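Trainee:
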Amino acid sequence: MAAAKKAVLGPLVGAVDQGTSSTRFLVFNSKTAELLSHHQVEIKQEFPREGWVEQDPKEILQSVYECIEKTCEKLEQLNIDISNIKAIGVSNQRETTVVWDKLTGEPLYNAVVWLDLRTQSTVENLSKRIPGNNNFVKSKTGLPLSTYFSAVKLRWLLDNVRKVQMAVEENRALFGTIDSWLIWSLTGGVNGGVHCTDVTNASRTMLFNIHSLEWDKELCEFFGIPMEILPNVRSSSEIYGLMKISHSLKAGALEGVPISGCLGDQSAALVGQMCFQDGQAKNTYGTGCFLLCNTGHKCVFSEHGLLTTVAYKLGRDKPVYYALEGSVAIAGAVIRWLRDNLGIIKSSEEIEKLAKEVGTSYGCYFVPAFSGLYAPYWEPSARGIICGLTQFTNKCHIAFAALEAVCFQTREILDAMNRDCGIPLSHLQVDGGMTSNKILMQLQADILYIPVVKPSMPETTALGAAMAAGAAEGVGVWSLEPEDLSAVTMERFEPQINAEESEIRYSTWKKAVMKSIGWVTTQSPESGDPSIFCSLPLGFFIVSSMVMLIGARYISGIP
C-alpha cells in the first residue's frame, strides 16, 4: 500500500514561546497565519527564600526540545511535511538572567527570574549614586532603577556566586536573557553557538542605550558589568544562525533551519496583534500583565510611571519602533498561587467556575503585590493583601477578587497610558492565556468602561515571533505589508455596568492598594537570612479572618 501523500500547505514557520510558567512550540502557515499545531510544557519555578524566584536553565532548554519534538510528531500525524518549516522565531520571558560557561555549556547558577526581589538593597545602594538632577540611567534606558531588570540581577551573581566570578576572571562566562541562552544552545552551544540578543530584549537589561541601540559603556561601568560577557545585539528579524539539534529524531528534521526572529514576549505580542501604527496598543495577560502602546520612531518618556522601551526593529536596515509600557508583576501568577499555595482550585481553569458561582467579590479586595508593585507605583515595599473580609466571605469571593485585581491593575496602567498619550484608547486589544476566561474579559470591559477586543486565535506572542522569523531577509516567506496581513476575527466584550458603579469599585481598589504599601521596611533578603522580610506576604491582619474562611490547612504555609 502506498504511503499517504503529505499535505501541501506552502511555507511553514515555527515559534518557540518560552514564558515564565510554560514553554511552547507552535507552527503557523505563513500565507494564512493559521496555527497548525503546538505543544506546551509547564516550567517549575523555585522559591529558595522569601522574595527569590529562580528557574533551571537546563530544564527550560529541555522543555524547548520536548515541545519541538512533540509538535513535529503531531504534524506528522496530521500528514503535514515538517520539511516545509522554513524558519523559526524565538519569543521569551524578558529580564530573566542566565550566566553560563561557554566551554562546557553549563549554567553557572539558576536563572534569576524577572519577578525576583533579592536585589532590593543593591537597587537602594545604586540609587544613592544617581544625581537627583541627572538620572542618566532612566534617560539612556527608559527604565527606573528596579529589581525587575537584568543589570542588578547580573550584579548580584557577580557579587555572590563564586562560580560566576571565576568564569568571568577566566574569560569563560557568557551572560544572556533567556533568548540568548536558547539561541546559543539551539545553534550549536559549545560547538559554535551564536551568542546574540535582539534590541527588544537588550532594552530590558538596563545596560542598553535605547537611542544609540548599543551597549552603553557608562551604564556598564555604573553597574560594574564586564562588556565582554554581553551578547551581540541584532535586529528582531534577521538570520542569527541555523538549528543544530540532530540528537532528536523527529526534531532533527529541523537541522539547518534558520533561527531568524527574536522578540521579547511583549514586543512579540505587539507584532502579533499587528500594532504597527503609532498609537495602537495591546494588553497581554500572562504571568504578569503588560500594556504596550506603539509610539512610532520617537521615544516618549512617561510622566506617570510607565516605561519607555524598544517595541521592535524588523530587519537590520529597518527603522526602530518604540513603545510606552505599563508592567504589572502579578496577573496569571495570582491564579497559580491560589492553586499551588492555598489549594482552593485544582486547575487554573477552575477559577472561572468559582467566580461564576457568586458573580461578585462581595466587598473583598485582593492586591497581589507579591513582588512589590510595578507600574505605575514602582513601590518595592508593597506586599499582597486581601481586605474587606467578613464571615460571609468564602473562596468563591476570593477567586472573584483575584480576577478583579487583574482588571483593576490594568485600569491603573491604562489611565497612566491615556494621560501620557493624551488620546484615550477607545477599546483595548487583548491576548494571552487568561483571555480564555470570559468572566475576566467581561470584568475588564466593565472596569475600564471601554470595549475589550480579543482575537479568536489568542497565541499572538508566538505569532509575532513567527512573523518576524518568516519576514527576515534570506527567508522571505511572510509578508508584513499591510495589504498582505491576514484579517483576524475578533470577539468583543462591551461594558455591562454603569459608569458610576465602575468608578466606585475602582476607587475602593485604590484604597486597598494604599494599604498594601510600606509593609517591608527591613533590609532586603540579599544578606542571606531567609526570614529577613518580617512582613507576611499577606498583611498579618487578614490571617485570623482566613482561618475562619478557608480553614487552617490553607494558610499552614504562610510564614
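In UniProt numbering, the protein residues as written are 1 to 559.
No residue lacks a Cβ here, since even glycine has one placed at the ideal position from N, Cα and C.
On a predicted model such as this, the values are computed, not experimentally measured, just so you know.
(1) Can you list, in chain order, the residues of its chain whose CB lies under 8 Å from that of GLN45, leaving out five sequence neighbours each side?
(2) Can you check the region 102–181 for any alpha helix (DSSP H) of at least 4 residues that lies completely inside it and give the ranges in chain order?
(3) Please classify ASN498 as buried or exposed, where buried requires at least 16 other C-beta atoms within 10 Å of its C-beta.
(4) Please state whether DSSP places PHE366 in a helix, a strand or coil.
(5) Anyone know if the C-beta pair for ALA471 and SER267 falls short of 8 Å?
(6) Where does PRO376 sit, in a helix, a strand or coil, going by DSSP?
(7) Just the Cα atoms here: how many angstroms apart are CYS534 and VAL520?
(8) Roughly how many angstroms lie between the CA atoms of GLN280 and THR360, to the nearest whole one?
(9) What is the DSSP secondary structure of ASN232, counted as helix, strand or coil?
(10) Name the residue from ASP484, THR287, SER426, ILE447 whose alpha carbon lies nearest to the alpha carbon of ARG505.
(11) Could you give the distance in angstroms between the alpha-carbon of VAL90 and the alpha-carbon of VAL64?
(12) Quick one: grab the DSSP three-state call for ASP431.
(13) Less than 8 Å separating the beta-carbons of LEU314 and SER381?
(14) Which residue wins for smallest C-alpha separation from ILE239, given the options ILE88, ASP17, MET434, PHE47?
(15) Does DSSP put MET546 in a helix, a strand or coil?
(16) Rank ASP198, ASN171, GLN40 by C-alpha distance to the C-alpha of THR177 and give the top, closest one.
(17) How close, in whole Å, do the beta carbons of ALA311 and ALA323 come, if the pair is a contact with beta carbons under 8 Å?
(18) With DSSP as the reference, identify every bridge partner of LEU263, one or two as the case may be.
(19) Around the C-beta of GLN77, are 16 or more other C-beta atoms found within 10 angstroms, so that it is buried, or is it exposed?
(20) Grab me the residues of GLU303's own chain with a C-beta within less than 8 Å of its C-beta, minus the 5 sequence neighbours each way, in chain order.
(21) Would you identify the three-state DSSP class for SER348, choosing helix, strand or coil?
(22) Give me the Cα-Cα distance between ILE542 and GLY422, rounded to the nearest whole angstrom.
(23) Okay, do the region 152–164 and the region 106–123 touch, 3+ Cβ pairs below 8 Å being the bar?
(24) Under three-state DSSP, which class holds TRP184?
(25) By DSSP, does PHE392 sit in helix, in strand, or in coil?
(26) Tell me, please, which residues DSSP counts as bridged to TRP215.
(27) Specify, as a first and last residue, the run of the beta strand (DSSP E) that ASN294 falls within.
(28) Just the C-alpha distance for ASP101 and PRO319, rounded to the nearest angstrom, thanks.
(29) If you measure between the beta carbons of ILE335 and SER327, is that distance less than 8 Å?
(30) Output the distance between the C-alpha atoms of PHE540 and GLY518, rounded to the nearest integer angstrom.
(31) Count the other C-beta atoms from every protein chain shown that fall within 10 angstroms of the C-beta of VAL13, then say buried if there are 16 or more, exposed otherwise.
(32) Have a look at the DSSP bridge pairing and note the partners of SER22.
(33) Quick one: measure Cβ to Cβ for PHE28 and LEU36, integer angstroms, because I've assumed they're closer than 8 Å.
(34) Could you check which residue in PRO376, ARG129, GLU214 has the C-alpha nearest to that of SER203?
Mentor: Checking against the coordinates, here is how it stands:
(1) Residue 45 sits at position 45 when you count from the first residue of the sequence shown. So the list reads THR20, SER21, VAL53, GLU54, GLN55, VAL113, once near-sequence residues are dropped.
(2) If you keep only unbroken alpha helix (DSSP H) runs of at least 4 residues inside the region 102–181, you get 120–127, 136–141, 150–160, 162–169.
(3) In the sequence shown, the residue the question calls residue 498 occupies position 498. Note on ASN498: under 16 other CB atoms within 10 angstroms of its CB, so exposed under the neighbour-count rule.
(4) For the purposes of this step, residue 366 is taken as the residue at position 366 of the sequence shown. Residue state, collapsed to three classes: strand.
(5) As a position in the sequence shown, residue 471 is number 471, starting the count at 1. As a position in the sequence shown, residue 267 is number 267, starting the count at 1. Cβ atoms of ALA471 and SER267: not closer than 8 Å.
(6) Within the sequence shown, numbered from 1, the residue matching residue 376 stands at position 376. Coil at PRO376, not helix or strand.
(7) As a first step, residue 534 is located in the sequence shown; it is residue number 534 there, counting from the start. As a first step, residue 520 is located in the sequence shown; it is residue number 520 there, counting from the start. Low confidence applies here, because CYS534 scores a pLDDT of 34, under 50, leaving its location unreliable; read the following figure in that light. Between CYS534 and VAL520, the C-alpha separation is close to 7 Å.
(8) Looking up residue 280 in the sequence shown gives position 280. Looking up residue 360 in the sequence shown gives position 360. Going by the C-alpha atoms only, they are around 32 Å apart.
(9) Working through the sequence shown from its first residue, we reach residue 232 at position 232. Here ASN232 sits in strand by DSSP.
(10) Taking the sequence shown and counting its residues from 1, one reaches residue 505 at position 505. Nearest of ASP484, THR287, SER426, ILE447 to ARG505, Cα basis: ILE447.
(11) For the purposes of this step, residue 90 is taken as the residue at position 90 of the sequence shown. For the purposes of this step, residue 64 is taken as the residue at position 64 of the sequence shown. Cα to Cα, the separation comes out at about 10 Å.
(12) Here residue 431 refers to the residue found at position 431 of the sequence shown. If DSSP states are grouped into helix, strand and coil, ASP431 belongs with the strands.
(13) Looking up residue 314 in the sequence shown gives position 314. Looking up residue 381 in the sequence shown gives position 381. Taking 8 Å as the Cβ cut-off, LEU314 and SER381 do not qualify as a contacting pair.
(14) Within the sequence shown, the letter at position 239 stands for residue 239. Distances from the CA of ILE239 to each of ILE88, ASP17, MET434, PHE47 were compared; the closest alpha carbon is that of ILE88.
(15) By 1-based counting over the sequence shown, the position of residue 546 is 546. In this prediction, MET546 has a pLDDT of 41, which is less than 50 and means its spatial position is unreliable; what the coordinates show is noted afterwards. Here MET546 sits in helix by DSSP.
(16) Within the sequence shown, numbered from 1, the residue matching residue 177 stands at position 177. Selected option, being the one with the closest Cα: ASP198.
(17) Counting from 1 along the sequence shown, the entry for residue 311 is found at position 311. Counting from 1 along the sequence shown, the entry for residue 323 is found at position 323. By a beta-carbon distance limit of 8 Å, ALA311 contacts ALA323. Their separation comes to about 4 Å.
(18) As a first step, residue 263 is located in the sequence shown; it is residue number 263 there, counting from the start. DSSP output for LEU263 lists SER91 as bridge partner(s).
(19) Numbered from its first residue, the sequence shown carries residue 77 at position 77. Exposed.
(20) On the sequence shown, position 303 is the one that residue 303 refers to. ARG419, ASP420.
(21) Numbered from 1 along the sequence shown, position 348 holds the residue referred to as residue 348. SER348: coil per DSSP, three-state reduction.
(22) As a working mapping, residue 542 is identified with position 542 in the sequence shown. As a working mapping, residue 422 is identified with position 422 in the sequence shown. Interpretation of ILE542 is limited by its pLDDT of 41, a score under 50 that renders its predicted location unreliable; the figure taken from the coordinates is listed afterwards. The straight-line gap from Cα to Cα measures roughly 40 Å.
(23) Judged by Cβ distances under 8 Å, the region 152–164 makes contact with the region 106–123, as three or more pairs qualify.
(24) Along the sequence shown, read from residue 1 onward, the residue named residue 184 stands at position 184. Looking at TRP184 - three-state DSSP - the assignment turns out to be helix.
(25) Numbered from 1 along the sequence shown, position 392 holds the residue referred to as residue 392. Here PHE392 sits in coil by DSSP.
(26) Working through the sequence shown from its first residue, we reach residue 215 at position 215. Paired residues: PHE208.
(27) As a working note, residue 294 is residue 294 in the sequence shown. Counting along the chain, the beta strand (DSSP E) containing ASN294 begins and ends at 289–296.
(28) Here residue 101 is taken as the residue at index 101 of the sequence shown, counted from 1. Here residue 319 is taken as the residue at index 319 of the sequence shown, counted from 1. Each residue's CA atom was taken as its position, placing ASP101 and PRO319 some 34 Å apart.
(29) For the purposes of this step, residue 335 is identified with residue 335 of the sequence shown, where counting begins at 1. For the purposes of this step, residue 327 is identified with residue 327 of the sequence shown, where counting begins at 1. No, these two residues do not count as a Cβ contact at 8 Å.
(30) By 1-based counting over the sequence shown, the position of residue 540 is 540. By 1-based counting over the sequence shown, the position of residue 518 is 518. Confidence is the limiting factor: at PHE540 the pLDDT is only 36, short of 50, which leaves the residue's position unreliable, though a coordinate-based value still follows. One C-alpha to the other measures close to 13 Å.
(31) The residue you call residue 13 lines up with position 13 of the sequence shown. When all chains shown are included, VAL13 counts as buried.
(32) Counting from 1 along the sequence shown, the entry for residue 22 is found at position 22. The partner list for SER22 (beta bridge, DSSP) reads GLU42.
(33) Locating residue 28 in the sequence shown gives position 28, counting from the first residue. Locating residue 36 in the sequence shown gives position 36, counting from the first residue. Their Cβ separation, rounded to whole angstroms, is 7 Å, which keeps PHE28 and LEU36 in contact under 8 Å.
(34) Position 203 of the sequence shown holds residue 203. When each option's Cα is compared against that of SER203, the closest is GLU214.
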